[in-house]
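Below is one structure; the comments refer to it alone.
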Amino acid sequence: MSHSVLVCDDAIFMRTMISDILAQAGFEIVGEAETGSQAVEKYRQLKPDLVTMDIVMPDMGGIDAVREIVKNDPDAKILMCSAMGQQALVVEAIQAGAKDFVVKPFQPSRVLEAVQRVLG
Amino acid sequence: MDLSQYAELFLAESREHLSACNQLLLEWERRPTAPEPVGGIFRAVHTVKGMAATMGYARVADLAHRMENLLDHLRRGGQAPADDTLQLLFRATDALEKAVDLAVAGREREADTAAVAADLDKATARFTPGETRVEPAFVPEPVLDIGGGGRLIQVTLRAEALIKGGRAMLIIRKAQSLGAVQGISPSPAAFETEDFDGRFVFRLDSTMTPAEIETAVRGVGDVDRVTVGGGPGDEVGEEHVTPAESAGGRSRHIRVDLRRLDTLMDLIGELVTTRGRLNEVAAERKDPAIDDLAIQVSRLSADLQAEIIQARMTPVWQVFDRFPRLVRDVARQLDKQVVFKVEGKEIELDRAILDELGDPLVHLLRNAVDHGIETPAERRKHKKKPEGEIVLSAVRERSSVAISITDDGRGIDRAKVLAKALREGLVDPHTETLSDDQLLRVLARPGFSTAAAVTSVSGRGVGIDVAMTKIRALGGSIEIRTEPGKGTSFILRLPVTLAIVRALIAAVGTERYALPLTYVAETAEFGAIAMTTMEGREAMVLRDRVVPLVHLRSLLSVGGDAPPPRRPVIVLEMGERRTGVVVDGMLGQQEIVVKAFEAPQGTLPVFSGATIMGDGVPALILDAAGLV
Numbered sequence: 001m002s003h004s005v006l007v008c009d010d011a012i013f014m015r016t017m018i019s020d021i022l023a024q025a026g027f028e029i030v031g032e033a034e035t036g037s038q039a040v041e042k043y044r045q046l047k048p049d050l051v052t053m054d055i056v057m058p059d060m061g062g063i064d065a066v067r068e069i070v071k072n073d074p075d076a077k078i079l080m081c082s083a084m085g086q087q088a089l090v091v092e093a094i095q096a097g098a099k100d101f102v103v104k105p106f107q108p109s110r111v112l113e114a115v116q117r118v119l120g
Numbered sequence: 001m002d003l004s005q006y007a008e009l010f011l012a013e014s015r016e017h018l019s020a021c022n023q024l025l026l027e028w029e030r031r032p033t034a035p036e037p038v039g040g041i042f043r044a045v046h047t048v049k050g051m052a053a054t055m056g057y058a059r060v061a062d063l064a065h066r067m068e069n070l071l072d073h074l075r076r077g078g079q080a081p082a083d084d085t086l087q088l089l090f091r092a093t094d095a096l097e098k099a100v101d102l103a104v105a106g107r108e109r110e111a112d113t114a115a116v117a118a119d120l121d122k123a124t125a126r127f128t129p130g131e132t133r134v135e136p137a138f139v140p141e142p143v144l145d146i147g148g149g150g151r152l153i154q155v156t157l158r159a160e161a162l163i164k165g166g167r168a169m170l171i172i173r174k175a176q177s178l179g180a181v182q183g184i185s186p187s188p189a190a191f192e193t194e195d196f197d198g199r200f201v202f203r204l205d206s207t208m209t210p211a212e213i214e215t216a217v218r219g220v221g222d223v224d225r226v227t228v229g230g231g232p233g234d235e236v237g238e239e240h241v242t243p244a245e246s247a248g249g250r251s252r253h254i255r256v257d258l259r260r261l262d263t264l265m266d267l268i269g270e271l272v273t274t275r276g277r278l279n280e281v282a283a284e285r286k287d288p289a290i291d292d293l294a295i296q297v298s299r300l301s302a303d304l305q306a307e308i309i310q311a312r313m314t315p316v317w318q319v320f321d322r323f324p325r326l327v328r329d330v331a332r333q334l335d336k337q338v339v340f341k342v343e344g345k346e347i348e349l350d351r352a353i354l355d356e357l358g359d360p361l362v363h364l365l366r367n368a369v370d371h372g373i374e375t376p377a378e379r380r381k382h383k384k385k386p387e388g389e390i391v392l393s394a395v396r397e398r399s400s401v402a403i404s405i406t407d408d409g410r411g412i413d414r415a416k417v418l419a420k421a422l423r424e425g426l427v428d429p430h431t432e433t434l435s436d437d438q439l440l441r442v443l444a445r446p447g448f449s450t451a452a453a454v455t456s457v458s459g460r461g462v463g464i465d466v467a468m469t470k471i472r473a474l475g476g477s478i479e480i481r482t483e484p485g486k487g488t489s490f491i492l493r494l495p496v497t498l499a500i501v502r503a504l505i506a507a508v509g510t511e512r513y514a515l516p517l518t519y520v521a522e523t524a525e526f527g528a529i530a531m532t533t534m535e536g537r538e539a540m541v542l543r544d545r546v547v548p549l550v551h552l553r554s555l556l557s558v559g560g561d562a563p564p565p566r567r568p569v570i571v572l573e574m575g576e577r578r579t580g581v582v583v584d585g586m587l588g589q590q591e592i593v594v595k596a597f598e599a600p601q602g603t604l605p606v607f608s609g610a611t612i613m614g615d616g617v618p619a620l621i622l623d624a625a626g627l628v
């Protein structure tokens, strides 16, 4: 059975790209979120195996979303999507409970490696 | 946890970073609007701070911290630095270097950093008007010596890993899932900065085996190296080091104490001598099995020797890199303008030779700035551009390396040197001009100086004699070329390696002598070639060139039977000069292990060392520089 994924990013471009990378590798994209609060809400509904989470999103940021999700599900498998220069934010996200991170611009192989690690 | 074992590593790395600092400061001075130098300086100082804090060197860390504060403002500001700011940073770099040395020597208390620290704070305060807060002393976190439970884990992330701090944090989280983690260094706060370089240590108290811990850490990804050490009571512990499989064929480096390489070299020296003996025994026994083994041993020891010599090779930039700063400082002090160029930085020399080369080069470079390059006014008067040029270059020549220091200054006034040499009775009273060789010999007389006034920079003419002695001791030579108004060149020739050299073995009477092949150009046959004279000396004509001869037999006062009428001449070459050395016979080429040699009083200055031949009998090594 393929793993289910929730993709959270405010940019359609990024969501599409991540979805494509994961779908081609056999994952099932079960939902998308544009804001942190949507991510929290959809996680509750969909209980996906994996979440990809952008750090900077309007409304509620990715890091706060991680905190919310992990509060309810300590085993949540969240992969942060970050950009160069977001050193401090990435460290904060990991302290909040994110399991791994990838750095934009994405290389599909790096994304899949990280996903494998997260799903262990 | 005993930190002293890390002290040398700390020293070596700090020096590298501080050397980089100096380079970058110079670059910044040249291109004040360039953004790169300040970033690099910041990172270098930051790294030194982190290492010093880890070692518990509070003063070093504190000074680095204050420097870092100022640099942080400068790098954010993006403006060209004021001249006094640059000077302050140069000063601070020097102070930091001194403090590092003292700290490692266990005398950190003697490091006087107060004045420069205060100036750094003052300069930093200019960027934060209104805020006159005094920076609290940076208190290093005691890390490695925390002594707590657990194994010491050292991790290095891949150089190409992105957001290393995030990866480090993931590793810490992973470790926390395996057991109790403490003593993380640098502190996790450092993971959040761009300057975190991907190296960190922590202690993990866990029941897992080193191999399991390593697998777990590697599983997090982007890990280049993991070292899982022993517990605190067990300093060396079961080191568990494995290079990353993914590293493929990339070359990897470790630091090795030079003394280890020296010992290794000595041992291989012994092996080479033993191999020689084995070859002789094999030749006597005429047993094919022994012959085969002797050949194999020969090949293996030759490979081993080549490898170890290669391991000792060090690029000259390791010494050259501090010279731009030196030349700049001397030029500033003397109000001269100098463009300094370095060529052939990547040329390699035996570490032992390179280490000895620093002082002679410092002397010669100071001389070049002080005596060679004219003041800008004087240069303009002679229609030269106001800034003088000094070029330091290294070039590989056959089996030696030539290092030259060339200035485009006023050149050496031969007439003045000659006049002084005549007054002091250093040359034949009928001498009318000085050749380059004679000039060098006069200049190299201890205490000889023609400088009208003794300056603090070049001192009292010492320099060339000191440099000459050092270079000769290394088996090298110095040559000078000078032209009035155009400049002066000093050319230093050095063997590539010291310890083992290929040599021609020559027989004179009942003794054998070794002549390093480095300086052997060719051989000829005395008694079969045309003879002539050159400046009253016996000489031979070799392919239209007149080569003066030295008879080793008479030079060394060897008695005994008359030598054969036809006998070999070994032609030595040093730079442009050649000399033929007449010997009784030639016994072939051999690798010899050079042993330092304390010449007894009154010995001719033609020996550079001694060696033990394959049969265990010692032989003297002839110094080409003393013969040519």
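First to last, the protein sequences are chains A and B.
Number 73 in the working numbering belongs to position 73 of the first sequence; there are no gaps in the numbering.
Number 147 in the working numbering belongs to position 147 of the second sequence; there are no gaps in the numbering.
Yeah, the Cβ is synthetic: ideal placement off N, Cα and C, and Gly gets one too.
Outcome for Lys122/B when other beta-carbon atoms lying within 10 angstroms are tallied against a minimum of 16: exposed
Proximity test, Cβ basis, 8 Å: Ile94/A and chain B: yes
Given Asp83/B as reference, the closest of Glu270/B, Ala103/B and Thr33/B once Cα atoms are compared: Thr33/B
Against chain A: residues of the stretch 295-314 of chain B by CB proximity under 7 Å: none
Own chain partners of Val558/B with C-beta closer than 6 Å, once the 5 adjacent residues on each side are dropped: Val508 and Gly509
Residue-chain proximity (Gly248/B, chain A), Cβ-Cβ < 8 Å: The predicted position of Gly248/B is uncertain, since its pLDDT is 40 and thus under 50; no value can be drawn from it.
Classification of Ser400/B by the beta-carbon crowding that lies within 10 angstroms, buried from 16 upward: buried
Three-state class that DSSP yields for Val462/B in the structure shown: The pLDDT assigned to Val462/B is 48, lower than 50, so where the model puts this residue is not dependable, and the model offers no usable value.
Buried or exposed by the 16-neighbour rule on C-beta atoms within 10 Å, applied to Pro288/B: exposed
Closer than 8 Å to chain A by CB, Thr113/B: no
Integer Cβ distance of Gly221/B from Glu113/A, believed to fall under 8 Å: 7 Å
Cβ contact (3+ pairs, closer than 8 Å) linking the stretch 323-341 of chain B and the stretch 376-389 of chain B: yes
Partner residues on chain B for Gln109/A, Cβ-Cβ distance less than 8 Å: In the sequence under discussion, the amino acid at residue 109/A is Ser, which differs from the Gln named in the question. The premise fails here: Ser109/A is roughly 12 Å from chain B at the closest Cβ pair, so nothing lies under 8 Å.
Exposure of Ala452/B, with buried meaning 16 or more beta-carbon neighbours within 10 Å: Since pLDDT at Ala452/B reaches only 43, below the 50 mark, its modelled position is unreliable, and no value is offered.
Where Tyr43/A falls: helix, strand or coil (DSSP): helix
When Leu71/B, Arg91/B, Val155/B and Ile163/B are compared against Met84/A, the one with the closest alpha-carbon: Ile163/B
Residue interval of the alpha helix (DSSP H) (run including Ala159/B): Here Ala159/B belongs to no alpha helix (DSSP H), and DSSP marks it neither H nor E.
Buried versus exposed call for Gly409/B [16 or more other C-beta atoms within 10 Å across all chains shown]: buried
Partner residues on chain B for Met53/A, Cβ-Cβ distance less than 7 Å: Simply none; closest approach about 13 Å.
Contact the stretch 467-478 of chain B vs the stretch 368-380 of chain B: 3+ CB pairs below 8 Å: no
Contacts of Ile163/B in chain A (Cβ-Cβ under 8 Å): Ser82, Met84, Gln86, Gln87, Val90, Phe101 and Val103
Proximity winner among Gly536/B, Met169/B, Arg553/B and Arg512/B, relative to Val617/B (alpha-carbon distances): Arg512/B
Contact set for Ile171/B: own chain, Cβ-Cβ below 7 Å, skip 5 residues either direction: Val155, Val217 and Val220
Whole-angstrom distance between Arg332/B and Ala88/A, CA atom to CA atom: 43 Å
Any C-beta of chain A under 8 Å from that of Glu192/B: yes
Residue range of the alpha helix (DSSP H) that includes Ser301/B: Pro288 to Arg312
Ordered list of beta strand (DSSP E) runs contained in the stretch 9-64 of chain B, each at least 3 residues: none
Neighbour-count burial assignment, Lys286/B, 16 or more Cβ in a 10 Å radius: exposed
CB of Ala103/B within 8 Å of CB of Val60/B, strictly: yes
Counted within 10 angstroms of its Cβ, other Cβ atoms place Pro495/B as buried (16 or more) or exposed: buried
Ala111/B, DSSP secondary structure in three states: coil
Partner residues on chain A for Arg173/B, Cβ-Cβ distance less than 7 Å: Ile94
Collapsed DSSP secondary structure at Glu270/B in the structure displayed: helix
Neighbour flag for Arg117/A against chain B, beta carbons, 8 Å: yes
Member of Asp291/B, Ile308/B and Arg328/B whose CA lies at the smallest distance from the CA of Gly276/B: Asp291/B
Straight-line gap, Ala402/B to Arg493/B (C-alpha atoms, nearest Å): 4 Å
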